[in-house]
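*Asks:* Residue 96 in our numbering is what sits at position 97 of the sequence shown, and the numbering runs on without skipping anything.
We put the CB at the ideal spot given by N, CA and C, even for glycine.
A quick note: this is a predicted structure, and the numbers were derived from the prediction, not measured.
I have a structure I would like to understand better, so I am pasting it below and will then ask my questions one at a time.
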Amino acid sequence: MSREIQEPTPTAATKIDKSKSKYKRILLKLSGEALMGEHDFGIDPKVLDRMALEIGQLVGIGVQVGIVIGGGNLFRGAALNEAGMDRVTGDHMGMLATVMNALAMRDALERSNIRSRVMSAIPMSGVVEHYDRRTAIRYLTSGDVVLFSAGTGNPFFTTDSAACLRGIEVDVDVVIKATKVDGVYNKDPVKYPDAVKYDQLSYDDALEQKLGVMDLTAICLVRDHNMPVRVFDMNKPGALLNLVVGGKEGTLIDRG
Ligand SMILES: Nc1ncnc2c1ncn2[C@@H]1O[C@H](COP(=O)(O)OP(=O)(O)O)[C@@H](O)[C@H]1O
Ligand SMILES: O=c1ccn([C@@H]2O[C@H](COP(=O)(O)OP(=O)(O)O)[C@@H](O)[C@H]2O)c(=O)[nH]1
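Okay, here's the thing in structure tokens:
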């Protein structure tokens, strides 16, 4: 059923002065697990709706939003491989899982009257558009949210790498990684309650200390292209908007 997409529903955020946005174009990385909400598997529509609202607030202040969603709530190649499956087949399943998540997110965005497009790194004619950089930039420029799905299209990579890759390709101002913790710590804060949070961190420090919040391939990529990354807690209401208007949220990874 085709639905007419209207302007985003006005929210408190639309009252924010557009000139206040620190970034013009962002790439938001959402982990698949974040979509599970309270469940152990799958997608919680309530979480999708909340995320759609927060994304709508960014669109409302004129920020161009690209999104990469993970697939860890459904399938991960490495986990399937441990259970006995061929790794490449598992990674293909993981990438297909990201397409399912992107479709669900598009549905939630459209229900909130936020215009959005899903592009896939793996051709999937009749379901989603094939990723094309120039078309993606055109969509972003016209204010559509673009969901980049199927990761990089290649096995042995992660959606963190896909987020950094697409962010660099479509020339965003920052890659924002939404996760379950409120930044990067000197060790995993879930395992070590005495872990200390960084407000800012250099690419080299993140690599040398092997800080597990983002995979090292992704960090190498952003370092080589000097793309700043911000890691923040998606479960904190309003944090995404605050970050985009220049508030202090999470950890900034940059040249230092
Ligand atoms: N140094 C660290 N700082 C912050 N989080 C870390 C660190 N090391 C490991 N982590 C873990 O990384 C997780 C966030 O990564 P994310 O990619 O969102 O999760 P997942 O890999 O489960 O999809 C956090 O839940 C946290 O437990
Ligand atoms: O470029 C990519 C991106 C993802 N994947 C597969 O898709 C799964 C889901 O992505 P990810 O684990 O990054 O999701 P998240 O942890 O963010 O939910 C991965 O485990 C891989 O199996 C892949 O093969 N290539």
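1) In this structure, what does DSSP give as the bridge partners for residue 182?
2) For residue 180, which option in 244, 211, 246 has the closest C-alpha, if you only look at C-alpha atoms?
3) Just to check, is the beta-carbon of residue 154 closer than 7 angstroms to a non-hydrogen atom of ligand 1?
4) Could you compute how far the alpha carbon of residue 46 sits from the alpha carbon of residue 35?
5) Taking C-beta to C-beta, are residue 95 and residue 68 nearer than 8 angstroms?
6) Can you list, in chain order, the residues of its chain with a C-beta nearer than 8 angstroms to that of residue 31? Leave out the 5 residues immediately preceding and following it.
7) Indicate whether the contact test is met: 3 or more Cβ pairs, each with one atom in the region 190-203 and one in the region 171-179, closer than 8 angstroms.
8) For residue 122 and residue 192, I'd like the C-alpha separation in whole angstroms.
9) Assuming contact is defined by CB atoms lying nearer than 8 angstroms, are residue 229 and residue 220 in contact in what I supplied?
10) Given that a residue counts as buried once 16 or more other Cβ atoms are within 10 Å of its Cβ, and exposed if not, what is residue 195?
11) Give the DSSP bridge partners of residue 252, in chain order.
12) Please name the residue or residues paired with residue 127 in a DSSP beta bridge.
13) Just mark residue 21 as buried or exposed, buried being the case when its beta carbon has 16 or more other beta carbons within 10 Å.
14) Going by DSSP in three states, residue 208 sits in which element: helix, strand or coil?
15) Does DSSP put residue 102 in a helix, a strand or coil?
*Replies:* On the basis of the supplied data:
1) DSSP output for residue 182 lists no bridge partner at all.
2) 211
3) For ligand 1, not one heavy atom lies less than 7 angstroms from the Cβ of residue 154.
4) 8 angstroms
5) The answer is no: Cβ separation not under 8 angstroms.
6) 68, 69, 70, 71, 72, 73, 96, 97, 100, 158
7) no
8) 44 angstroms
9) no
10) The Cβ neighbour count for residue 195, taken over all protein chains shown within 10 Å, is under 16; the residue is labelled exposed.
11) 200, 228
12) In DSSP, residue 127 forms a bridge with 123.
13) By the neighbour-count criterion, in which a residue is buried when 16 or more other Cβ atoms sit within 10 angstroms of its Cβ, residue 21 is exposed.
14) coil
15) Judged by DSSP in its simplified three-state form, residue 102 adopts helix.
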